[in-house]
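First to last, the protein sequences are chains A and B.
Residues 395 to 604, numbered by this note's numbering, are exactly what the first sequence covers, in order.
Residues 395 to 604, numbered by this note's numbering, are exactly what the second sequence covers, in order.
Number of protein chains: 2
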Amino acid sequence: MNVVTVRSRRLEYSETTRQALVNSAVELFTRYGYADTSLDEVAKRARVTKGALYHHFSGKRGLFEAAFAEVETKVMGRLGEIVRGPGDPWESAIAGLRAYVEVCLEPAYQRIVVHEGPVVLGWERWRQAEEGFSFGVLRSAVENLVVSGELDDLPVEITTRLLFGALSSAATVIATSPDPRKASADVTRSIDRVVEGLRRRPTPDPTDNR
Amino acid sequence: MNVVTVRSRRLEYSETTRQALVNSAVELFTRYGYADTSLDEVAKRARVTKGALYHHFSGKRGLFEAAFAEVETKVMGRLGEIVRGPGDPWESAIAGLRAYVEVCLEPAYQRIVVHEGPVVLGWERWRQAEEGFSFGVLRSAVENLVVSGELDDLPVEITTRLLFGALSSAATVIATSPDPRKASADVTRSIDRVVEGLRRRPTPDPTDNR
DNA sequence: CACCGGTACGTACTGTCGGTATGTCGTAAC
DNA sequence: GTTACGACATACCGACAGTACGTACCGGTG
Chain A
395 MNVVTVRSRR LEYSETTRQA LVNSAVELFT RYGYADTSLD EVAKRARVTK
445 GALYHHFSGK RGLFEAAFAE VETKVMGRLG EIVRGPGDPW ESAIAGLRAY
495 VEVCLEPAYQ RIVVHEGPVV LGWERWRQAE EGFSFGVLRS AVENLVVSGE
545 LDDLPVEITT RLLFGALSSA ATVIATSPDP RKASADVTRS IDRVVEGLRR
595 RPTPDPTDNR
Chain B
395 MNVVTVRSRR LEYSETTRQA LVNSAVELFT RYGYADTSLD EVAKRARVTK
445 GALYHHFSGK RGLFEAAFAE VETKVMGRLG EIVRGPGDPW ESAIAGLRAY
495 VEVCLEPAYQ RIVVHEGPVV LGWERWRQAE EGFSFGVLRS AVENLVVSGE
545 LDDLPVEITT RLLFGALSSA ATVIATSPDP RKASADVTRS IDRVVEGLRR
595 RPTPDPTDNR
């Protein structure tokens, strides 16, 4: 007798079906966007009917959330280990930025998470979801820099939002550029410059200008 | 033929009807978003039928573009004169940034232009439209700073995109914050810090020569 | 083995909404 | 007065999200 979990064949089938629906959804949402993707088509690609879809998800938005989570979890693997990697915090933060721009180039991430996420889920719901994913990682990176004294103690939440917005725009620029390689280089240069400007300077200059 | 343009009463009515439709669209798109706004409702608020709507606009997206343009033109008035105002370029640029954040706080601008614009119109079409509006203004401001030597000669297009993205995020943060006054102060502080970091420093930096 | 409860779907239908085709009325030109 | 046309209204179609209900099949119980 099996002492461990007795995963019934039934549940296995069910899980497979659900995964097929999610995969189909990610693909179609990425290609055609939320509005121009029909649930019948999603179901058809997964070789089931709408009945199965509505059994597994609450509706179109529910399916979208599942697709969102799917894309994010896949992304988090790569991103997390880079940021949490060993070495000087400044270096790994920079590496994290570059990695995140890379991630943003993924069509699925860009469309589902960055562009349509806030619109479909509503900004507040999207923010909550992001808390446990990319945004959370980025913020903890910024937090590390502030703690380790690399950044002036700006409000972490706000600064991270600004960075997040800038990086998303950056990725979109690269993705839609006719010459992505050059665009990518330019973007990296600009971002490095911005972040370098934020770095705490040894010379004290409290509210210097004017 | 008449030398003076005789604006017929007919055309006047027509223009009024069109304007009523645009106003109705701006209101409903702002409140419920693009997807959850029905054309019948838009027409009803304008006290006409869908026939009139389709006479004036190519469809739902056409109506959205008109609403987009309406919001942008209203905004441009305030924004343009600030940026093009007299005085030192750095000061007026900073003033422009603050003004733009203010603009972004307008619910209509935030929802129609910032959030749903890229999704509904598609990013490329949105970018083209923005060229003649806020983004264009922001970029010319950045260009001025580079020309006047206040900013290192970073690629203007990219840098402006980054700024644009950061500012939009900033505005969203303020708008959804439970304490908008504090959020606004924090945001201003962060932005000032970022921009200040970008400012060309008179003393040559060890890493950044020239 | 027979029976049964529930899960995992499939099928058929409804309501809403974007879009179209067509009709109508008033104004302006001749 | 007739004609032409612009500015709408009305009626309808097709697509699609969501619902109601039926069904097959698995797993447990006696």
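Ideal placement from N, C-alpha and C gives every residue a C-beta, glycine not left out.
Same chain, Cβ closer than 6 Å to residue i, neighbours up to 5 away in sequence not counted
i, result
"S578/A", "I568"
"D546/B", "R594"
"N538/B", "P483"
"N417/B", "none"
"E524/A", "none"
Residue i versus residue j: straight-line alpha-carbon distance, rounded
i, j, result
"Y428/B", "R455/B", "9 Å"
"S542/A", "L515/A", "35 Å"
"L592/B", "V581/B", "17 Å"
"T431/A", "D482/B", "51 Å"
"S408/A", "L548/B", "54 Å"
"P480/B", "Y494/B", "18 Å"
"L405/A", "V513/A", "34 Å"
"Y426/B", "T570/B", "16 Å"
"R472/A", "E551/B", "30 Å"
"L557/B", "R403/A", "53 Å"
"T424/A", "A502/A", "5 Å"
"E464/A", "L415/A", "11 Å"
"D573/A", "G490/B", "31 Å"
"K468/B", "R439/B", "21 Å"
"E590/A", "R575/B", "29 Å"
"S486/B", "R533/A", "32 Å"
"R492/B", "Y448/B", "39 Å"
"R505/B", "G453/B", "20 Å"
"D599/A", "C498/B", "With a pLDDT of 47 at D599/A, under the threshold of 50, the modelled position of that residue is not reliable, and no figure is offered here."
"L422/B", "Q413/B", "14 Å"
"E496/A", "A446/B", "47 Å"
"R583/A", "I488/A", "12 Å"
"R555/A", "R555/B", "15 Å"
Beta-carbon neighbours of residue i, restricted to chain B and to distances below 7 Å
i, result
"D580/A", "P549, I552"
"P572/A", "Neighbours of P572/A on chain B: none; closest Cβ ~11 Å, over 7 Å."
"A429/A", "A429"
Same chain, Cβ closer than 8 Å to residue i, neighbours up to 5 away in sequence not counted
i, result
"A560/B", "I585, V588"
"M470/B", "F527, S528, V531"
Partner residues on chain A for residue i, Cβ-Cβ distance less than 8 Å
i, result
"V531/B", "Those do not exist, as V531/B stays about 17 Å from chain A at its closest Cβ, beyond 8 Å."
"L592/B", "R587, V588, G591"
"E518/B", "T570"
Cβ neighbours of residue i in the same chain (closer than 7 Å, five flanking residues each side left out)
i, result
"T553/B", "V536"
"F451/B", "L457, A460"
"E466/B", "V507, F527, S528"
"V477/A", "S486, G490, V531, A535"
"E544/B", "P483, W484, R593, R594"
"V540/A", "D547, V550"
"G474/B", "V531"
Residue from the options whose Cα sits closest to the Cα of residue i
i, options, result
"V442/B", "F458/B, A460/B, A419/B", "A419/B"
"F462/B", "R472/B, G526/B, A487/B, I488/B", "G526/B"
"E500/A", "P572/A, S562/A, R583/A, A414/A", "S562/A"
"K444/A", "T411/A, E475/A, G474/A, E421/A", "T411/A"
Partner residues on chain B for residue i, Cβ-Cβ distance less than 9 Å
i, result
"L556/A", "G559, A560, L561, S563, A564, V567, V581, S584, I585, V588"
Residue i: contacting residues in chain B (beta-carbon distance under 8 Å)
i, result
"E510/A", "V513"
Within chain A, partners of residue i - CB distance below 9 Å
i, result
"D546/B", "R587"
Any 3 or more C-beta pairs closer than 8 Å across the segment 556-568 of chain A and the segment 498-512 of chain A
yes
Please determine if the segment 517-526 of chain A and the segment 432-440 of chain A are in contact, where contact requires at least 3 C-beta pairs separated by less than 8 Å.
no
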